[in-house]
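Novice: Okay, handing you the structure first.
In UniProt numbering, the protein residues as written are 1 to 905.
The following block contains the structure:
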């Protein structure tokens, strides 16, 4: 545009009201766009020298196109006259006249006078030039006609003359064309290496035709949408993503290709700065055992935590850098996911510049008496080094003990009863669930309460009762099952006298002698035979009074003694499943009977039982029978000759319809000679009775009736504890009856055969609990799944699947992936040290010892040479090496691990 005026004249421009400036462009030469850093909620502004195009926050990451109003032409004010800079014709056709009006407005406070000259070309013309007088505020409209004769672009000018000078308005008629405009530059926010920053700008179609476009851009920038179509007058928000891999200043050019054959282009300069982020890790509320010093491995100690409980501690992440620091946290990947006692709910996040973030780490142990170690890797994005945090915790279970482990009721007359108190104590801080494995309603012995819960550091008084039904010797060893602890065993003994029958009185010393005789194979002989052998000098007494076979060696050490048997082994190998530590003197088959559905009206057929006497003496068998019990055995008393068996029958008569029934019947077998104390010549020959139990169950529901819906919770672990090859692994489970009705359970037949669950059937009272013990023999170093099913209330629909896994723990250590150690060159006689890391991938603590082949014993040593490495722990060793005369010796050394100790429950 030409302007003739005095040197002191000023020109003002202003927008015509559209949201864009600079000849219809969405953006000016330098752009300000709304920008964000990925993961951050803070919106950053990219500076602009003049115009701004910001993408609304609601648009998110999707491409949005919108229509722009056609620019009506920028106006200017010259010497008090407001007039357009350009008058433009678009979309015209040949042979037709198109008229546009040029408005001149007097914005001054005085009358304006001017004249104009017609266009020079014949394609633009107007009315005959006349003087124009404009009062203040008045607008004059001058029609200008365009008459095209051929398809080309036309340009002309319309000149106006005033007293102050001359000015002109450009007249243009353009052909349809492709034209896309974008800002020449875009500044993205500063970003951390490995992080992502975003910004947006506006791409506008200022042409007359629909236009396809394609973006070309270099790494590490990415533009979305990469391709698209814009209609005339339409604009689109373009997203630029910056993902740097190096900490440098990036200045690159992105090109937008469009038009016929994609030969036209618009370019934008992309500028971004990448910096390395830093994260400083520290422990919040440090304990004395924690390690948080710079330059050393950080160790977070949780101390001793009760099994099943959760303890949470926090670490602090501080970002001293000027950019946001994204990070992720990973747990050691080679452990089974179900075995992770440590957890970190924060797997990733962002720490703002100069900010802090607290991250919680939880310890929820499930395996008793194990020192658990794991590693958390805190990895900032990009080139920053990661921090390895070692987390350590110890799991402690309940510590339940009894006041006494033998309750002696001495002797009681028939028809009377005796009761003695016994306290049970939990010395640990965690809650303990206990249960005595006895059906008190069907036994001559009773314990009240037979189950319960002990809080930490609590003591409870139990009441043990003895109600004999026959004048015999009574002895029963009752297991006290404890969740998360090995079982305890309580011996209950008593003797019943009647007016006519007075057996020998059983005392605790007799139990001690009996166990010694059991190890020496003397329990299969009745007291009269033992007395005869003792009298004939074929047996003798040791210093403790127990019998033994005479030997030339006078020392008692040559005679067998009762071995130390673990509680779990004693509980599972009690002879009920054809597996026993010692052969049973008396046995009965079957030990479990399921009558199933017995709705009546006739009673079900009795189930035969077979009782076998494996001893060399005659025994008397007495069944305990409650008068209102729906199950009973006939005959209730009998005598069995030596090495013989007898047949019995188990009966079931449900007294009420639509009920569930489950009991444990009890019988006592005793040598017949013990029925009178006069038959006992030597006190050491007195033998306790043997307790036999049979579990019976059944129900009286008709087929059309629905069985009660069980309401329960089952606390079952996912893994068996770690054991070495050939050793059994044990676990405890807890079933809680949360309903108001009885709950029966039994192990379904389709359960895995390689596990043993005790008890396999029974009844749980309302609001009571049942403790199970389960065992298996892991085979192989690969994880094996064990499935078993608990059926409730005699209904196949109420089936609970429990899955557990086990394996033999591999006795091996993992070295660095390279499995080689390089020593720096050194002088002869000097030493060189190189560090390497080895790890215990098993769940067992291992003792290790480094062994060096004989030729290199004087020039190579490993420190420490031996030691203990905990499960999942990594240790760093340093082998100092003296210079060998050979230029580059290759030395070999090996590590031999073995289990540190065996594992319990």
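Built from N, CA and C at the ideal position, the CB exists for glycine as well.
Considering only C-alpha positions, which residue in the set 243, 691, 377 and 430 is nearest to residue 309?
Specialist: Ranking 243, 691, 377 and 430 by Cα distance to residue 309 puts 430 first.
Novice: Does the pairing of the stretch 617–634 with the stretch 705–717 give three or more beta-carbon distances under 8 Å?
Specialist: No, the stretch 617–634 does not touch the stretch 705–717.
Novice: Counting only runs that start and end within the stretch 389–465, where is the alpha helix (DSSP H) found for 4 or more residues in a row?
Specialist: Qualifying alpha helix (DSSP H) stretches: none in this window.
Novice: Which residues does DSSP list as the beta-bridge partners of residue 242?
Specialist: Paired residue(s): 197 and 221.
Novice: With 16 as the cutoff for other CB atoms within 10 Å, does residue 141 come out buried or exposed?
Specialist: The residue in question, residue 141, is exposed, as its Cβ has fewer than 16 Cβ neighbours within 10 Å.
Novice: Starting from residue 326 and walking both ways along the beta strand (DSSP E), at which residues does that stretch end?
Specialist: Residue 326 -> beta strand (DSSP E) spans 325–331.
Novice: What does a CB cutoff of less than 8 Å around residue 58 pick up in its chain, not counting 5 residues either side in sequence?
Specialist: For residue 58, the predicted structure reports a pLDDT of 42, less than 50, and the residue's modelled location is therefore unreliable. A value from the coordinates is still provided. No residues qualify anywhere along the chain.
Novice: Between residue 203 and the ligand NAP, is there a pair consisting of the residue's CB and a ligand heavy atom that are separated by less than 7 Å?
Specialist: This structure does not include the ligand NAP; it has no bound ligands of any sort.
Novice: With DSSP collapsed to three states, give me the class of residue 502.
Specialist: Note: residue 502 maps to coil in three-state DSSP.
Novice: Drop a sphere of 10 angstroms on the beta-carbon of residue 677, count the other beta-carbons inside from all chains shown, and report buried for 16 or more, exposed for fewer.
Specialist: Classification of residue 677: exposed, given that the 10 Å Cβ count is below 16.
Novice: In the structure shown, what three-state DSSP assignment does residue 684 receive?
Specialist: Looking at residue 684 - three-state DSSP - the assignment turns out to be helix.
Novice: Kindly indicate the opening and closing residues of the beta strand (DSSP E) around residue 671.
Specialist: Segment 660–671, the beta strand (DSSP E) holding residue 671.
Novice: Going by DSSP, what residues sit across from residue 156 in a beta bridge?
Specialist: Partner(s): 171.
Novice: Cutting at 8 Å between CB atoms, please list the residues of its own chain near residue 279, excluding the five before and the five after it.
Specialist: Excluding positions up to five away in sequence, the list reads 317, 318, 319, 325, 327, 351, 378, 380, 384 and 387.
Novice: Could you pull out every unbroken beta strand (DSSP E) segment of at least 3 residues lying fully inside the stretch 576–620, listed in chain order?
Specialist: Counting only runs of 3 or more, we get 586–589, 592–597 and 607–613.
Novice: Excluding the 5 residues preceding and the 5 following residue 463 in the sequence, name in chain order all residues of the same chain whose CB lies nearer than 7 Å to its CB.
Specialist: Hits under 7 Å: 419, 421 and 448.
Novice: Expressed to the nearest angstrom, what Euclidean distance is found between the alpha-carbon atoms of residue 897 and residue 811?
Specialist: Going from the Cα of residue 897 to the Cα of residue 811 covers about 6 Å.
Novice: If you draw a straight line from the alpha carbon of residue 808 to that of residue 750, how long is it in whole angstroms?
Specialist: Rounded to the nearest angstrom, the two C-alpha atoms are 24 Å apart.
Novice: Relative to the C-alpha of residue 394, which candidate in 221, 306 and 434 has its C-alpha closest?
Specialist: The shortest Cα separation from residue 394 among 221, 306 and 434 belongs to 306.
Novice: Measuring CA to CA, which of 390, 353 and 396 is closest to residue 364?
Specialist: The shortest Cα separation from residue 364 among 390, 353 and 396 belongs to 396.
Novice: For the alpha helix (DSSP H) that residue 529 lies in, which residues bound it at each end?
Specialist: Run containing residue 529: 527–535, per the alpha helix (DSSP H) assignment.
Novice: Using the Cβ count rule (16 or more neighbours within 10 Å means buried), how would you classify residue 435?
Specialist: Under this definition residue 435 is a buried residue.
Novice: Determine the DSSP secondary structure at residue 568, reduced to helix, strand or coil.
Specialist: Three-state DSSP puts residue 568 in a helix.
Novice: With distances taken between CB atoms, is the gap from residue 745 to residue 735 smaller than 8 Å?
Specialist: Taking 8 Å as the Cβ cut-off, residue 745 and residue 735 qualify as a contacting pair.
Novice: Count the CB pairs spanning the stretch 568–578 and the stretch 542–549 that are closer than 8 Å, and state whether there are at least three.
Specialist: With a cut-off of 8 Å, the stretch 542–549 and the stretch 568–578 do not count as touching, because too few Cβ pairs lie within range.
Novice: Cβ atoms of residue 304 and residue 329: under 8 Å apart, would you say?
Specialist: Taking 8 Å as the Cβ cut-off, residue 329 and residue 304 do not qualify as a contacting pair.
Novice: How about residue 684 and residue 513: do their beta carbons lie closer than 8 Å?
Specialist: Yes, these two residues count as a Cβ contact at 8 Å.
Novice: With H, G and I counted as helix, E and B as strand and the rest as coil, what does DSSP make of residue 514?
Specialist: In the structure shown, residue 514 sits in a helix (DSSP, three-state: H, G or I).
Novice: State the DSSP-derived secondary structure class of residue 674, mapped to helix, strand or coil.
Specialist: DSSP places residue 674 in helix when its eight states are reduced to three.
Novice: In this structure, does DSSP put residue 793 in helix, strand or coil?
Specialist: Residue 793: coil per DSSP, three-state reduction.
Novice: If we require 3 or more residues per run, which beta strand (DSSP E) segments fall completely within the stretch 251–285?
Specialist: Whole beta strand (DSSP E) segments, 3+ residues: 264–275 and 280–283.
Novice: Which of helix, strand or coil does DSSP assign to residue 558?
Specialist: Looking at residue 558 - three-state DSSP - the assignment turns out to be helix.
Novice: Mapping DSSP to helix, strand and coil, what is residue 509?
Specialist: Helix, per DSSP.
Novice: Quick check: what's the CA-CA separation for residue 622 versus residue 762?
Specialist: Cα to Cα, residue 622 sits roughly 23 Å from residue 762.
Novice: For the 8 Å Cβ check, are there 3 or more pairs between the stretch 474–481 and the stretch 639–652?
Specialist: Touching, no.
Novice: Where does residue 768 fall in DSSP's three states?
Specialist: Here residue 768 sits in coil by DSSP.
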